[in-house]
Amino acid sequence: MKVGVMGTGAIGGYFGGLLALSGVDTHFVARGKHYRAILEDGLHIVSSEKTHHVLIHVTAEPDEIGPVDLLLFCVKSYDTDYAAQIIEPMVEEDTVIISLQNGIDNQDKLSQLYGSDKVMAGTAFIEASIASPGVIAQMGKPGRIVFGELSGERTSRAEKILHLFQGAGIEVELSLDIRRVLWEKFLFICGIHGVSTLSRSPLGLVLAVPESRDLVMGVMKEVELLARRQGVNLPENAVENAMALAEGYNRNFKPSMLRDLEWRRFMELDALNGMVVKLGKQVGMETPLNHAIYACLNLENQKIANPVWAFQWEG
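Residue numbers (this note's numbering): 396 to 710.
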């Protein structure tokens, strides 16, 4: 099976790198300093257990890869529209595209362009980041993927992809209700990423202080109520499950949105807490905690996107 990875960041680099390491014909699209470092010295995956050095085929141009059987779509959510356009040379009649992104609507955008029959949804549970150009650092437990058909069926092609991941030593689950899984992850990251980023604090500190811990749970409860308004079949203890998951993370873990803010990179805010606010308005539901997080961090996003404008006020 020929695999393409669109976006060689923490998610695409880690899981795609493990596929390549196991001998799967894997091709990567990257950009900037990260692309140049991989081109010169391969991809390094560093974890507490071991370090892998993988020589991979990487390019900045999807048309240099050509059609693939499986395409892992791993770009930031705000790049989805653009990236979905430029992967066209990698997509043919039988190509399967799996979104492994944060957010709940990326697979819908891909389906609009390529048809829902070519798209699966998925999500990754992993503590990882780009430590430096060409280097993916993974903390805590090994990463895990959950994916599934949008129809909820257990198809032969999904089974084939499941076995591909398993053969690479990747912990993976084939879900028959991937929409529910996406919302469970969405609930988790809106609470954890939102409060951690707003407070500029690692996860352990956020959970250690009662007031910030309560805020995380309050944000999650808003998402839970919204999900039920959307007809999503979340378990009754969805918030408790999310908090238990958070407790298992490394205490020094910094969510990707916090790292982006620290490095003055644009944040995935609109796809997370901003999406809660947007969908809440559509169904007439108030989401005050998510709205407060969005309002404060959106100001930071505007400053990051428009530094000259921001300087007029800060200077």
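Idealized CB from N, CA, C, for every residue including glycine. Quantities reported herein were computed from a predicted structural model and do not represent experimental measurements.
Run through DSSP, which three-state label would residue i get?
i	result
Ala563	coil
Met396	coil
Pro537	strand
Ile460	coil
Glu554	helix
Ser347	This structure leaves residue 347 out entirely; the chain is present only between 396 and 710.
Glu444	coil
Ile584	helix
Gly418	coil
Leu694	helix
Ser494	strand
Leu545	coil
Gly411	helix
Thr403	coil
Ile521	strand
Glu568	strand
Ile699	helix
Ile573	helix
Ala715	The structure shown has nothing for residue 715, since the chain only spans 396 to 710.
Ser596	coil
Ile531	strand
Ala516	strand
Leu434	helix
Inspect the beta-carbon positions of residue i and residue j and report whether they are closer than 7 Å.
i	j	result
Leu692	Leu664	yes
Gly589	Asn501	no
Ile556	Gly517	no
Leu571	Gly547	yes
Asp458	Pro484	yes
Val449	Gly412	yes
Ile531	Ile460	no
Leu465	Val424	no
Val463	Ile433	no
Asn497	Ile584	yes
Phe468	Met401	yes
Ser472	Ala666	yes
Ile525	Gly404	yes
Val627	Arg575	yes
Ala455	Tyr430	yes
Leu389	Ile688	Here the chain covers residues 396 to 710 and nothing more, so residue 389 does not appear.
Leu361	Ala519	No answer is possible for residue 361: the residues shown for the chain start at 396 and end at 710.
Phe648	Leu602	no
His447	Leu416	yes
Gly535	Tyr409	no
On the criterion of 16 or more Cβ atoms from any shown chain inside 10 Å, does residue i qualify as buried, or is it exposed?
i	result
Gly407	buried
Arg646	exposed
His422	buried
Ser506	buried
Arg549	exposed
Glu522	buried
Gly562	exposed
Asp436	exposed
His558	exposed
Ala690	exposed
Ala633	buried
Lys445	exposed
Leu694	exposed
Asp655	buried
Pro650	buried
Glu635	exposed
Glu579	buried
Glu488	exposed
Gln533	buried
Gly586	buried
Ser527	exposed
Gly543	buried
Gly675	buried
Val567	buried
Ranges of the alpha helix (DSSP H) found wholly within the segment 599-684, counting only runs of at least 4: Fully enclosed alpha helix (DSSP H) runs of 4 or longer: 605-624, 633-642, 651-657 and 668-677.
Length-filtered (3 minimum) beta strand (DSSP E) runs lying within the segment 462-486: Counting only unbroken stretches of 3 or more residues, the beta strand (DSSP E) elements lying wholly within the segment 462-486 are 465-468, in sequence order.
Three CB pairs or more closer than 8 Å across the segment 652-663 and the segment 608-626: Touching, no, given that fewer than three Cβ pairs across the two stretches are closer than 8 Å.
Three-pair Cβ contact test at 8 Å for the segment 680-687 versus the segment 611-622: yes
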